[in-house]
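This report refers to the structure that appears directly beneath it.
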Amino acid sequence: MLPAGSEVEETPLPAACEDFLDAKSWRRVLELATFDCFENLPEEFERQPGEWKRFMRSQFESEDSKPVAVPEPFSDGQLPEFSTILLLRVLKPELAAAAIARYVERALGPAFVSPSPAILKQIYDTRSKPSTPMLLILTPGNDPMEAISRLAEAK
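At position 131 of the sequence shown (counting the first as 1) the number is 267 in our numbering, and the numbers step up by one without a gap.
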């Protein structure tokens with residue numbers, strides 16, 4: 137999402153951030169700061185390191201997998217949604233895929249992020265032969281085993 141090796145002014149990692157941010161992540165923060173909406177991001181890390189530490193070390197707030205809010209002034213609604221995805225990609229990559237899925241669902245509709253077992257059955261019924269294998273391309277978070285099992289049980 138961000139160009140590798142972009143030219144940014146090297147600024148040392150602030151001492152207050154050393155226990156929760158490594159040099160590589162700090163460099164990515166500096167790269168993000170080249171975008172207008174993130175120009176104050178490095179200063180915000182220095183201004184409120186406790187909030188950023190809490191965010192960086194957080195897993196989830198509750199069982200509904202709601203992530204801990206990004207500190208002000210970059211919290212929900214303060215940035216365009218795609219900019220929030222960039223911020224998560226840089227700081228909490230494990231949350232980026234879910235954020236992208238939410239973005240795609242809002243922008244294009246749920247059909248673009250929901251698995252469709254009916255399509256698997258349709259492909260099997262109309263295009264499948266013993267000499268023609270079905271190829272499923274797997275992506276992280278996509279497990280077609282339930283749909284395959286249901287199809288196998290039905291046949």
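All residues carry an ideal CB built from backbone N, CA and C; glycine is no exception.
Beta-ladder partner(s) of Thr268, from DSSP: DSSP output for Thr268 lists Lys265 as bridge partner(s).
Which residue wins for smallest C-alpha separation from Lys257, given the options Phe218, Glu289, Met192 and Glu179? If we check each option's Cα against that of Lys257, Glu289 comes out closest.
Under the assumption that Pro178 contacts Val165 (Cβ atoms under 8 Å), give the Cβ distance between them as a whole number of angstroms. With a Cβ gap of about 6 Å, Pro178 and Val165 count as contacting.
Around the Cβ of Ile255, are there at least 16 other Cβ atoms within 10 angstroms (buried) or fewer (exposed)? It counts as exposed.
Exposure of Ala151, with buried meaning 16 or more beta-carbon neighbours within 10 Å: So Ala151 counts as exposed.
Pairs of beta-carbons, one from the stretch 262-274 and one from the stretch 237-244, closer than 8 Å: are there three or more? Flag = no, the stretch 262-274 and the stretch 237-244 do not touch.
First and last residue of the alpha helix (DSSP H) that includes Ala237? Residue range Pro229 to Leu244 is occupied by the alpha helix (DSSP H) that includes Ala237.
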